[in-house]
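Okay, structure first, notes after.
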Amino acid sequence: MALEKSDLELLALTAAGDQAAFAKLVRKHQSRVFNLIYRFTRDRQDAEDLAQEVFFKVWKYARTFKGQSAFSTWLYRLAVNTCLNYRQKKKNEPEPLPLLGEFAAETNAAGAEILTRERESFLNKALNGLPVRQKMALILANFEGKSYEEIAVIMEVSISAVETLLFRARQNLAAILKPLKKKGEL
Amino acid sequence: MKMRCKKAKKNISLTMDSRLESVGQEKLQAHLRSCLACQNWNRQQLWLREQIKVPEMIQPSPDFFAHIQNKINKTATRQRLFSFNPTMLRPILLRAAMLLILIFAAWGGFSLGDRLDAPAAETAAAVFSQTMNLNAYADMPAESFGAVYNRLLQGELQ
Chain Y
1 MALEKSDLEL LALTAAGDQA AFAKLVRKHQ SRVFNLIYRF TRDRQDAEDL
51 AQEVFFKVWK YARTFKGQSA FSTWLYRLAV NTCLNYRQKK KNEPEPLPLL
101 GEFAAETNAA GAEILTRERE SFLNKALNGL PVRQKMALIL ANFEGKSYEE
151 IAVIMEVSIS AVETLLFRAR QNLAAILKPL KKKGEL
Chain B
1001 MKMRCKKAKK NISLTMDSRL ESVGQEKLQA HLRSCLACQN WNRQQLWLRE
1051 QIKVPEMIQP SPDFFAHIQN KINKTATRQR LFSFNPTMLR PILLRAAMLL
1101 ILIFAAWGGF SLGDRLDAPA AETAAAVFSQ TMNLNAYADM PAESFGAVYN
1151 RLLQGELQ
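From first to last, the protein sequence lines are chains Y and B.
Heads up: the first sequence begins at 1 in my numbering, then just goes up one per residue.
Heads up: the second sequence begins at 1001 in my numbering, then just goes up one per residue.
This is the structure:
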């Protein structure tokens, strides 16, 4: 049985223009990259487009990878930067949080299932209301299970900056959701 | 020293990521026992963490890789048609530079050669005559200075 090639070997072949090796690399990591981006954008189509952009960058810049960090760290960094740029581009069209009154009216009229869905949607919007770097740090820590050291490398900040980003993200999220919690709607 | 609420909240955040060491944990627990606001904040954070979880991994569409491949192919075609890659031009530029150096050297050689050519004999004589102002002696006898001197000595000339 042939041994599976490592990420670095596949990347070296990709850098030499081997599309089959690149396909293997994409299939191996597409789910992880796609889910990270999906958690950030909360939009399937956008997540798919951005994940494709990330892998396109892998193809384009494979030659520039110097092996100073693990391939997965490099891939995460590409994904994180793509997400941050996406938010920068989308800044001109902000997604407003729904008014509390509107939310209450909708939920009163609907059943428990809709209430759950609405709650999820509201939480998603609250997450989208966080500053991008705080949100990304929260996703990496809570959903991706990354350590502070890994987050620091991926986001190119210090460990104490990661601590601050996460603390502020949690503080801001609590502040955004506090009114609803008080009303008993969450 | 008693822990302040801001520090306690920071430590709650660290605890959620298992980053707080045992001494800090003890201090935090002591603070939480006596501070209702921080207890609420702690509960709120634990609740939030549960709420914002995305339980299952979702998969991208089946044609995910095909889209990337299309993008790569499109870019490659565009690059072949329109892109300017300076490294491709390096050998041509080197040859052009060498040719220019040769042309310049040849032109310089010809131009300097013209300047350094020895002048013709008549030209040289005329220039010498002019330089020495030989016409100043035109009214003197057409003999050498030696002959004139001898004749002066012999008294033939006054």
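A virtual CB, placed ideally from N, CA and C, is assigned to each residue, including glycine.
Interface criterion not met: the Cβ of Pro1086/B is under 7 Å from no Cβ in chain Y.
When C-beta atoms of the region 1026-1046 of chain B are compared with those of the region 18-35 of chain Y, fewer than three pairs fall below 8 Å, so the two segments do not count as touching. The shortest CA-to-CA distance from Phe1064/B to any of Gln52/Y, Val58/Y and Phe56/Y is the one to Gln52/Y. With at least 16 other beta carbons inside 10 angstroms of its own, Ser1013/B counts as buried. Cβ-Cβ distances below 6 Å link Asn172/Y to Leu130 in the same chain, with the five nearest sequence neighbours on each side left out; the list follows chain order. Put simply, the region 58-76 of chain Y touches the region 7-21 of chain Y. At least three CB pairs are less than 8 Å apart. When the beta-carbon positions are compared, Thr82/Y and Val54/Y come within less than 7 Å of each other.
According to the DSSP assignment, Leu1014/B belongs to the alpha helix (DSSP H) that extends over Cys1005 to Met1016. Annotation: the continuous alpha helix (DSSP H) that includes Lys60/Y extends over Arg44 to Tyr61.
Spanning the alpha carbons of Gly1024/B and Asn1011/B requires a straight line of approximately 8 Å.
If you check the CB distance, Arg87/Y and Val153/Y do not come in under 7 Å. A direct Cα-Cα distance of roughly 33 Å separates Thr41/Y from Ala1037/B.
Between Ala126/Y and Leu166/Y, the CB-CB gap reaches or exceeds 7 Å. Just measuring C-alpha positions, the residue of Ile1101/B, Arg1004/B and Gln1051/B sitting nearest Gln1029/B is Arg1004/B. Gly1108/B carries a helical assignment under DSSP once its states are collapsed to helix, strand and coil. Short of 7 Å from the beta carbon of Ser69/Y, and not among the five residues preceding or following it, lie these beta carbons of its own chain, in chain order: Val153. For Glu163/Y, the residues of chain B that pass the 7 Å Cβ criterion are Leu1014, in the order they occur in the chain.
At a C-beta separation below 9 Å, Gln88/Y has no neighbours in chain B, since its nearest C-beta there lies roughly 21 Å away.
For Cys1038/B, the enclosing alpha helix (DSSP H) stretches over residues Leu1036 to Gln1051. Between Tyr148/Y and Val162/Y, the gap from beta carbon to beta carbon is short of 7 Å.
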